[in-house]
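A.B. asks:
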Amino acid sequence: SLSASILFNIGQVLLEKNNYHKALKIFFESYDIAIEFNNFILLGEIENNIGFIHFKNKEFDKAMEYYNKSLEHLETISNKFYIIDLYFNIGFLKLSTSSGDAIEYLNKAIHCAEELNSKHKLSKIHLQLSKYYESLGDFKTALEYYRQYHLSEEEVSSSTMKSKLEIIRIQCNHAIEAEE
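For the sequence shown, the positions run 44 to 223 when the numbering used here is used.
Below you can see the structure in the form of structure tokens.
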């Protein structure tokens with residue numbers, strides 16, 4: 044299972060570098076190993092990423108096929124953290140293909156992120172919804188989502204700054220204690 048996780052992480056790096064062909068190959072290697080170990084979290088994450096690659100390649104049916112597989116795996120473990128990105132990806136796939144229940148999935152992603160107080164994920168969702176409504180010419184709704192994005196970003200930034208200041212405080216205390 045460790046090798047599946049390592050391969051998954053390599054696939055993630057390739058995905059972030061937009062090297063979809065290699066990422067897909069690595070994800071399938073990881074997938075085969077994860078199946079052997081019945082690692083539903085990893086299977087769900089891999090399927091979500093494979094779906095995302097198909098989405099980026101405009102293979103929407105294949106993308107939805109993998110998103111549905113991922114949904115099956117991730118819903119069995121009831122871990123909302125992993126399902127947020129999946130709901131987000133399904134929502135934007137459905138927006139891209141003009142499916143009627145797209146906003147329902149995005150609202151599910153928002154609900155899960157709020158329950159877990161995941162400001163970073165909320166920020167990402169709100170920004171994309173702002174861009175979507177702006178593209179529709181619904182500037183009032185776009186502005187509201189952008190405002191929510193901005194508030195989430197401020198909270199993430201503030202939290203990061205607090206953590207950094209706490210680390211500096213601890214380091215200063217250690218330096219003072221070492222001098223004494």
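Every residue, glycine too, gets a C-beta built ideally from N, C-alpha and C.
(1) As a quick exercise: from F51, S161 and A185, pick the residue whose alpha carbon is nearest that of Y172.
(2) Since N33 and D128 are thought to touch, with beta carbons under 8 angstroms apart, how far apart are those beta carbons, to the nearest angstrom?
(3) Tell whether a beta-carbon distance below 7 angstroms holds between I93 and F124.
(4) The alpha helix (DSSP H) with S161 in it runs from where to where?
(5) Just the Cα atoms here: how many angstroms apart are I146 and N62?
(6) Helix, strand or coil: how does DSSP classify T203 here?
(7) Using 8 angstroms for Cβ pairs, my map puts S46 next to I76. What's the rounded Cβ distance?
(8) So, helix, strand or coil for G143, using DSSP?
C.D. replies: In terms of the structure at hand:
(1) Reading the sequence as shown, one finds Leu at residue 172 and not Tyr. It is A185.
(2) This structure does not reach residue 33, given that the chain is present from 44 up to 223, and the question cannot be answered.
(3) no
(4) From DSSP, S161 is part of no alpha helix (DSSP H); its letter is neither H nor E.
(5) 29 angstroms
(6) helix
(7) 6 angstroms
(8) coil
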